[in-house]
């Protein structure tokens, strides 16, 4: 730092303004100037403090610039009572069962209101999985929406009596061919009738049932809509006329991998200071034996995400925490092997908002950092200089 030291030589003072008005104006000068009878001296201690000042200013200014540009301090979180009018929520799932074929696996849903649905298939795709854990069907799949949706068409729904499957792979049409082929045999027969080579089963949608018989695993993927009340999602052995065969119970294998498990509208951009996590994703369970029941316990928290002026305008979505356990069940004592997701809702809602501070607020903070450091370290330099003279 540069200090002011008294000089022995004399010099003329600054001329005093002669005008009364100029003297009044000079009286309010906040930046008083030292007279020329002082000289400037530089010291080693001042140099060290100057280096510290420049380093500290650069470090803190860089941190402030990064904090503003990356929005580290722009995340705000508030709590409120959950008042969202939603009656249903969506579970976005992608779960692979390595040793349970699709034709032996059902997805059931029950809730505290008494609703119980068996073998739910709306908006869900079941795809056979080979021994390597890869999808055995490589063709395109169509999501079959809720029949109440305007996007729903009965001709594209394999569960509808009006289903009409393509007779030829891709979008090509063959003159004189059948309009609909609803089974794998019909597709192959139509190719034989037209003198065309038979396609591989792994690209024919109607052959998924045959692929299920030939491959050991199954993948569930899609959007499962359930009521917004406490309930349970079950993956169980298939049920026929409200009965599970003992053979299916004995060979049920609960080994699975959760590739994706999120809740709520996926179109909403999710953000928070600590990041958004779906704790069940990449969860893997390897069943060491039969008769295993795996149960996940989910505590679901309604959550909203906003950004700047659009805060609160996005549809609500959900985050969750999860715990799980597994145990062997005794067949015949009211239990059966399964993979279950038990969920409950938290009555409070978390509101996350990302709103960057105005640019002038950032500039004020930056100037405060620079000016404050210079003032504080200037005082330190003055104290050091006085102590040096005393010593």
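Residue numbers (the working numbering): 2 to 392.
Even for Gly, the Cβ is constructed at its ideal location relative to N, Cα and C.
Quick check on this structure: which residue in the options has the alpha carbon closest to the alpha carbon of residue i?
i, options, result
"residue 92", "360, 324, 185, 281", "281"
"residue 101", "363, 86, 220, 115", "220"
"residue 136", "182, 390, 206", "206"
"residue 55", "83, 387, 373", "373"
"residue 89", "263, 298, 227, 368", "227"
"residue 83", "283, 262, 351", "351"
"residue 326", "339, 358, 332", "339"
"residue 297", "291, 388, 328, 358", "328"
According to DSSP, is residue i helix, strand or coil?
i, result
"residue 379", "helix"
"residue 293", "strand"
"residue 261", "strand"
"residue 389", "helix"
"residue 204", "helix"
"residue 332", "strand"
"residue 65", "helix"
"residue 361", "helix"
"residue 237", "strand"
"residue 320", "strand"
"residue 399", "This structure cannot settle anything about residue 399, because the visible part of the chain is limited to 2 through 392."
"residue 134", "coil"
"residue 176", "Annotation note: pLDDT 46 at residue 176 (below 50); position unreliable, coordinate value reported separately. Three-state DSSP puts residue 176 in coil, outside helix and strand."
"residue 228", "strand"
"residue 305", "strand"
When you compare only the Cα positions, how much space is there between residue i and residue j?
i, j, result
"residue 120", "residue 109", "5 Å"
"residue 202", "residue 208", "6 Å"
"residue 239", "residue 86", "35 Å"
"residue 58", "residue 376", "12 Å"
"residue 237", "residue 222", "16 Å"
"residue 364", "residue 158", "60 Å"
"residue 385", "residue 46", "7 Å"
"residue 153", "residue 126", "15 Å"
Which residue comes first and which comes last in the beta strand (DSSP E) that contains residue i?
i, result
"residue 161", "Segment: none, residue 161 is in no beta strand (DSSP E) and carries neither H nor E."
"residue 82", "76–82"
"residue 252", "Not the beta strand (DSSP E): residue 252 falls in the alpha helix (DSSP H), residues 247–252."
"residue 345", "339–346"
"residue 284", "284–286"
For residue i, which residues of its own chain have a beta-carbon under 8 Å away from its beta-carbon, when the five flanking residues on both sides are left out?
i, result
"residue 99", "130, 134, 217, 218, 254, 256, 257, 258"
"residue 336", "294, 330"
Leaving aside the five residues before and after residue i along the sequence, list all residues of the same chain whose C-beta is less than 6 Å from its C-beta, in chain order.
i, result
"residue 453", "The requested residue 453 does not occur in the structure, where the chain is confined to residues 2 to 392."
"residue 9", "Confidence at residue 9 is low in this model, with a pLDDT of 44, below 50, so the placement of that residue should be treated as unreliable; the coordinate-derived value is given next. Within the same chain, residue 9 has no close Cβ partners at all."
"residue 233", "111, 341, 343"
"residue 260", "95"
"residue 235", "109, 339, 341"
In its own chain, which residues sit with a C-beta less than 7 Å from the C-beta of residue i, not counting the 5 before and 5 after it?
i, result
"residue 1", "The structure shown has nothing for residue 1, since the chain only spans 2 to 392."
Under DSSP, the alpha helix (DSSP H) around residue i begins and ends at which residues?
i, result
"residue 189", "185–194"
"residue 215", "209–215"
Quick check: does the Cβ of residue i come within less than 6 Å of any heavy atom belonging to the ligand FMN?
i, result
"residue 209", "By its list of ligands, the structure shown contains no ligand whatsoever, and the ligand FMN lies outside what it can speak to."
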